[in-house]
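Beneath this line is the structure, given in structure tokens, with notes to follow.
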Ligand code: C5P
């Protein structure tokens, strides 16, 4: 269940006797660090009360599609956008049929249809219902649409029969859901990430810095772990918890970050530079606290090393990806920056309009030598997963090409 920490999980509960196991599932998901919201069908509320699931999830339970008060608070589209993954457990034969039919005739079906995040179902029904061709066809349809099918198990059933159709136990469902986040596209790779701001000392108590929260870089590091990589995160001063599975090195100044990165870069396959590194630092750091008194003071600044460009210039440089926060001409400036720094990929975002530095959401326009892709506005964690997928694809492409080139060079020697 280790990939569930910090995830937004929507749990759909449809009307079957196995709904009683959903209570334990909610508890386990919360224990794994997930933020859980529950949607129940009308029939599900006959088996287990919304109050139970509300108490366990710590969030109001959603039941109505056409309730204006509920829609105003968090409607079906907001719920679908909020989710990092959606699991329907139990999924009755009727619900599977409705899902396969693309129905949107109650809140749960509508959210499943609106959701772009991974969707999985945990079938639960009587053995005979499970074995009917209609159910098998619905399952096949759902599988062909990349909907995950968790279970069912075999065993004794509430109806007194024995056979396939029992819903998986809560722990197995939580593990199955966790696996959704483990893509494996960077399995066996070493990924180095920088995050947060740097602090450039003026005197023992003052510094120059910026508004970077570190959230995007931490989300990128977490997404790289989910993709199967060994991840080192070099972070400036931020108030964020280290994502599970990440090796974190804390630094203060750009010079510290430069030193830590250059040491780690030699063993990295991929370097993702998300830190908002201060471009300048005071030329001298006063040994004692500067006294006020004079009306004006001036500060001499000198350039900091460009860490990303320095890594890209290494002889055996890793695949390098950087960020470009732009306020205008995003595409031109980003491509120019990518070439100037000699890096493989650049993720540009327009800062301002509430997006970027200190916000929860972001949007990116990613460029590489032979292509580009827009990643529209979404939460930073979701965006980070999409970006890591894109980086993995381009890394594999360049790695493969690199191998071919090296092979040819050796061949002709
Ligand atoms: O040139 P600019 O600061 O806009 O470039 C941004 C990108 O370069 C980011 O990926 C940032 O992490 C990286 N950078 C760096 N060292 C610097 C300045 C920026 O690694 N001194």
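Numbering (our numbering), first residue to last: 18 to 430. Glycine included, C-beta positions come from ideal geometry on N, C-alpha and C.
Can the beta-carbon of residue i be found less than 7 Å from the beta-carbon of residue j?
i           : j           : result
residue 197 : residue 102 : yes
residue 74  : residue 55  : yes
residue 33  : residue 151 : no
residue 398 : residue 212 : no
residue 184 : residue 139 : yes
residue 286 : residue 206 : yes
residue 277 : residue 302 : no
residue 170 : residue 405 : no
residue 328 : residue 288 : yes
residue 222 : residue 238 : no
residue 164 : residue 210 : no
residue 319 : residue 300 : yes
residue 72  : residue 36  : no
residue 208 : residue 246 : yes
residue 134 : residue 38  : no
residue 336 : residue 284 : no
residue 69  : residue 87  : no
Does DSSP put residue i in a helix, a strand or coil?
i           : result
residue 415 : helix
residue 218 : strand
residue 54  : strand
residue 193 : helix
residue 35  : coil
residue 234 : helix
residue 164 : coil
residue 25  : strand
residue 354 : helix
residue 79  : strand
residue 102 : strand
residue 30  : strand
residue 47  : helix
residue 124 : helix
residue 343 : strand
residue 307 : coil
residue 74  : helix
Within its chain, find whatever has a CB closer than 8 Å to the CB of residue i; leave out the 5 residues flanking it on each side and keep chain order.
i           : result
residue 191 : 18, 21, 42, 45, 46 and 49
residue 146 : 110, 152 and 182
Drop a sphere of 10 angstroms on the beta-carbon of residue i, count the other beta-carbons inside from all chains shown, and report buried for 16 or more, exposed for fewer.
i           : result
residue 348 : exposed
residue 282 : buried
residue 105 : buried
residue 132 : buried
residue 182 : buried
residue 430 : Reliability of the predicted coordinates at residue 430 is poor, the pLDDT of 37 falling under 50, and the value obtained from them is presented with this limitation in mind. Result: exposed.
residue 411 : buried
residue 344 : exposed
residue 217 : buried
residue 407 : buried
residue 382 : buried
Under 7 Å Cβ to Cβ from residue i, same chain only, skipping five residues before and after it: list those, please.
i           : result
residue 339 : 290, 325, 358, 360 and 363
residue 67  : 57, 78 and 80
residue 156 : 113 and 166
residue 409 : 202, 203 and 244
residue 177 : none
residue 378 : 372, 394, 395, 396 and 397
residue 158 : 117
residue 260 : 235, 238, 239 and 242
residue 331 : 282
When DSSP builds the beta bridges, which residues end up paired with residue i?
i           : result
residue 349 : Residue 349 is not bridged to any residue.
residue 298 : 319
residue 362 : 338 and 385
residue 211 : 251 and 290
residue 179 : 173
residue 391 : 382
residue 140 : 108
residue 396 : 378
residue 266 : 251
residue 223 : 220
residue 367 : 343
By Cβ distance below 6 Å, which residues in the same chain neighbour residue i in space, the five residues on each side in sequence not counted?
i           : result
residue 351 : 341, 363, 365 and 384
residue 127 : 82, 93 and 121
residue 173 : 179
residue 403 : 392
residue 271 : 215, 294, 295 and 321
residue 232 : 397
residue 24  : 51 and 101
residue 227 : 214 and 293
residue 307 : 220
residue 29  : 56, 105 and 125
residue 199 : 20 and 243
residue 388 : none
Quick check on residue i - is its C-beta less than 7 Å from some C-beta in chain D?
i           : result
residue 152 : Annotation note: the requested chain D is absent from the structure, which comprises a single protein chain.
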